[in-house]
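As given, the protein sequences belong to chains A and B, one line each in that order.
Counting in this note's numbering, the first sequence runs without a single skipped number right up to 613 at its last residue.
Counting in this note's numbering, the second sequence runs without a single skipped number right up to 135 at its last residue.
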Amino acid sequence: LETDEPGSRIEDVEQRIAEGRIAARAGSFEWDLKPGIVRWSDELCRIYGLKPGEFEGTVDAYIAHVYPDDRDRTRKLVAEVFQHPHGIAYEHRVVRSDGAVRILYSRVDLIADRAGRPLHMIGSCWDVTDRRLPDSSPASAVGLLRAVLEASVDGILVVDRIGEVVTFNDRFLVLWGIPHVVAAERSERALIEFVQPRLEDPTKLLERVHSLYVDFEADSFDIVRFKDGRVLELHSKPHRIGAAIVGRVWTFRDVTLRENLLARQTLLSDASRVLSSLELDSALAALARVVVPCLGEACEIELAFADGPRRIASGTFREGASVLRVPLYEEDVEGGTSRVIGTMSFSAEPGRTYGREELELAEELAHRVGLELENQRLVGALEQALRTRDDFLSIAAHEIRGPLMSIRLAVDSLRLTELPHPKREQLHALLAREDRRLARFVDELLDLSRIRTGRLDVHVEEGVDLPEIVRHVVERLHTEIAHTGSAVSLVVPDQPVRGRWDRFRIDQVVTNLLTNAVKFGLGKPIEITIRTGEGKAILEVADHGIGVAPELRERIFEPFERGVSVRHYGGLGLGLFIVRVILARLGGIVHCEPTNGAGARFIVELPLPRSV
Amino acid sequence: MDSEPRDHTILIVDDDADIREVLTLVLDLDGRPVIEASDGIEALARIRQTSGIALVLLDLMMPNMNGADVLRVMKHDPQLASIPVLLLSGDRHAQDIAEELGADGCLGKPVDLPVLLREVHRFVDP
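Have a look at this one:
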């Protein structure tokens, strides 16, 4: 430390030394540079434990009294004096003649002649081993220091090198909950002993403080957790005067809020991480484990699923413990709805009661569980959709291979063999049938694609004649109908049945219904009836075949559904779905009823113009 | 088709009526007596009530009883186990199923006429 005082002036220096001696039993020395003689005052000899005049009078002798670890530094400090015309101050350890190690504070100046050549080095030394903050400081400086201490939002504690309290502010006492009577002991050890029982890890703080008495130079940073949940951040730095470390300054900051937020965020992010596991049971079990230290000592998740209740728990609910319970909602993100499907409960450690913060955290967790349940549902739906798609592709491949096989064998036969005329005719008819079968597949696939993308085109026109369309369809399907042996009867009313419909789409509806009746009709008669009533045109297609089970009468209108088990009857399972979509576009409906006896009856209702 | 079966009778088992029709036609042209069944149950009934079946052309994917089950029943019945069976299927696992269940061959759908006849002739004299 360089002083600001004009140390080159002998008068000033001597006066200050005199003052210093009076103020605090300072020892003094003078080093006459030219002969190299060092003279110590009696007081300085006493500080070193020597009798007056016992000092050997050389720089080397002085260095020999310095504590071995500090000797190199002291030599450098002495050399420094020549570079600083205003003098320096430093602290170092010395070894008294009785072996005791003392800390000396020294102020050293250089005396030069008028030409600036150094003549003497003089200095004063204080034994500051037992030092308190100098009471001799000007009152204003002390006042400033006190004001700074008390203005700080952090707690501040200053201790000296031997663990005695130099100063502190009120905030320090508040943060640590230390009563004034304990603080009045001015002992770091007493402070630690007082707070230790209230810490989560009582030995950690003590070990840290001990380590800092070994490594004086070190800065420190620690987090201390109290059993009541508060968290303090501890910083410390060596307190230096000049190059010497005279103690340590501690600052303490209450970071409970920050730590709680961090713990909450960590918990929520851990919860989200474990919940992202695709297997629900293991995700919930992991969640119950993750939340335990933060939200209590036990957690239980109870869910009422359609396939039965599910209970997942970690830890044990203690008798009489504070319990926090929040509902679990299954959230339908798309629909924006939610319903309670279970609860999530937490049991507190003894002595802990739940408050608003814990409730909010638990609710947030429950919300995330709800989203996860929704995710699981969506994943399940997606997997089902993929399975349905795969099944559909497999069926489509099977359905296309059938006609392809017939066509290939028929073509090979026509090409490779001499056939009698009736056989040729038979194969031509078969080729025509298979051609239509494939065309229907393609149309159905295209319609499915159009429906899915909302592009199913419907062109409504006036005066579309329903009986006429039905007759055309029956005529077109004549070969297929004849092939199964079914006979089709058609009953139409005397008056015309015309409406504002799409001719092509109505044809498609009739074709699909009649094809179904032929396919599932077991070769028995098929009755088609057209009538009107209540402003509607009604078309019924009834067969006497395998029929449709009551529980399937709605499902058969879903895509890829069929009344019979998959792959038992040909077709893509799209016909009735397309029928229903078309009718919906035309303002009509379709449903399925049983016929008298075996078989199925499909009833189509189409709106008629008001004038009819 | 159901007329007096003789020694070289071939049973066609397929739920697709068009496939049965065209197979019957081409095998008939080849000079084979042919009988038909539209599912597994009907097939087993035909096999049991018809003596002298020389070959079964068996589809895998059928209603009521599928081809694999027909084959299992046949292989467990000493009276039926020796009747040759050719699987006729578009299933990509058909070859594995044929080997696993002890079928005598496997034809993929769609099949070419020469390939069909060559396979048939392995079991029935041309």
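Glycine included, every Cβ here is placed at the ideal spot set by N, Cα and C.
Simplified DSSP state of Val461/A, which is helix, strand or coil: coil
Compile a chain-ordered list of the residues in the segment 390–407 of chain A whose CB is closer than 8 Å to at least one CB of chain B. Ala398, His399, Arg402, Gly403, Pro404, Leu405, Met406 and Ser407
Kindly indicate which residue of Arg501/A, Asp255/A and Leu420/A has the alpha-carbon position closest to the one of Asp223/A. Asp255/A
Per-residue DSSP class, three states only, for Val129/B: In the three-state reduction of the DSSP assignment, Val129/B falls in the helix class.
Any C-beta of chain A sitting closer than 8 Å to the C-beta of Glu30/B? yes
Please classify His130/B as buried or exposed, where buried requires at least 16 other C-beta atoms within 10 Å of its C-beta. Exposed, by the Cβ-count rule.
Residue range of the unbroken alpha helix (DSSP H) whose run includes Phe393/A: Arg357 to Leu417
So, do the segment 335–352 of chain A and the segment 306–322 of chain A have three or more beta carbon pairs nearer to each other than 8 Å? yes
Quick check on DSSP: helix, strand or coil for Phe217/A? Three-state DSSP puts Phe217/A in coil, outside helix and strand.
Are Ser407/A and Val31/B closer than 8 Å when you measure CB to CB? yes
So what does DSSP say about Thr596/A, is it helix, strand or coil? Judged by DSSP in its simplified three-state form, Thr596/A adopts coil rather than helix or strand.
Can you give me the C-alpha to C-alpha distance between Gly486/A and Lys525/A, rounded to a whole angstrom? Approximately 7 Å, taken between the alpha carbons.
At a cut of 8 Å, does the segment 203–223 of chain A reach the segment 232–239 of chain A through at least three beta carbon pairs? yes
Is the distance from the Cβ of Val39/A to the Cβ of Gly58/A below 8 Å? Cβ atoms of Val39/A and Gly58/A: closer than 8 Å.
Bridge partners of Pro87/B, per DSSP? Per DSSP, none; premise fails for Pro87/B.
Are the CB atoms of Ile579/A and Asn517/A within a distance shorter than 8 Å? The Cβ atoms of Asn517/A and Ile579/A do not sit closer than 8 Å to each other.
Could you list the residues in the segment 409–434 of chain A with a C-beta less than 8 Å from some C-beta on chain B, going in chain order? Arg409, Leu410, Ala411, Asp413, Ser414, Leu417, Thr418, Leu420, Lys424, Gln427, Leu428, Leu431 and Arg434
When you check each C-beta in the segment 71–88 of chain B against every C-beta of chain A, which residues fall closer than 7 Å? Listed by position along the chain: Pro72.
Beta-carbon spacing of Ala601/A, Val519/A below 8 Å: no
Can you find a C-beta in chain A that's less than 8 Å from the C-beta of Pro42/B? Closer than 8 Å: no.
Between which two residues does the beta strand (DSSP E) holding Lys77/A run? Per DSSP, Lys77/A belongs to no beta strand (DSSP E); it is in the alpha helix (DSSP H), Arg72 to Val82.
Nonlocal neighbours in the same chain, by C-beta distance under 6 Å from Leu285/A, ignoring five residues either side: Cβ within range, chain order: Ile302 and Ile313.
Taking the alpha-carbon of Ala244/A as reference, which of Tyr91/A, Leu192/A and Glu194/A has the nearest alpha-carbon? Considering only alpha carbons, the answer is Tyr91/A.
Considering only residues of the same chain and omitting the five flanking positions on each side of Val567/A, which have a CB-CB separation below 6 Å? Per-residue confidence for Val567/A stands at a pLDDT of 44, beneath the threshold of 50, marking its modelled position as unreliable; no derived number is given.
Check Glu320/A in the structure and name its three-state DSSP category. coil
What separation, rounded to the nearest whole angstrom, lies between the Cα atoms of Pro198/A and Leu276/A? 38 Å
In or out: Asp23/B buried (at least 16 other Cβ within 10 Å) or exposed? buried
Rounded to whole angstroms, how far is the Cβ of Val35/B from the Cβ of Leu53/B, which I believe are closer than 8 Å? Actually they are not in contact, since the Cβ atoms of Val35/B and Leu53/B sit about 25 Å apart, beyond 8 Å.
Please tell me whether Val133/B has its Cβ less than 8 Å away from any Cβ of chain A. no
Decide if the segment 64–82 of chain B is in contact with the segment 104–122 of chain B; the criterion is three or more beta carbon pairs, one per stretch, under 8 Å apart. yes
Kindly list, in the order they appear in chain B, the residues whose Cβ is closer than 8 Å to that of His484/A. In chain order, Ala26 make up the part of chain B whose C-beta sits under 8 Å from the C-beta of His484/A.
Using the three-state DSSP reduction, which class does Pro239/A fall into: helix, strand or coil? strand
Would you kindly report the start and end of the unbroken alpha helix (DSSP H) that includes Glu51/B? Gly49 to Gln58
Short of 8 Å in beta carbon distance, which residues of its chain neighbour Gly178/A, apart from the five on each side in sequence? Order them along the chain. Val196 and Arg199
Assuming Val293/A and Ala299/A are in contact, meaning their beta carbons sit under 8 Å apart, how far apart are those beta carbons, in whole angstroms? 7 Å
Thinking Asp71/A and His93/A are a contact (beta carbons under 8 Å), I'd like their distance in whole angstroms, please. 4 Å
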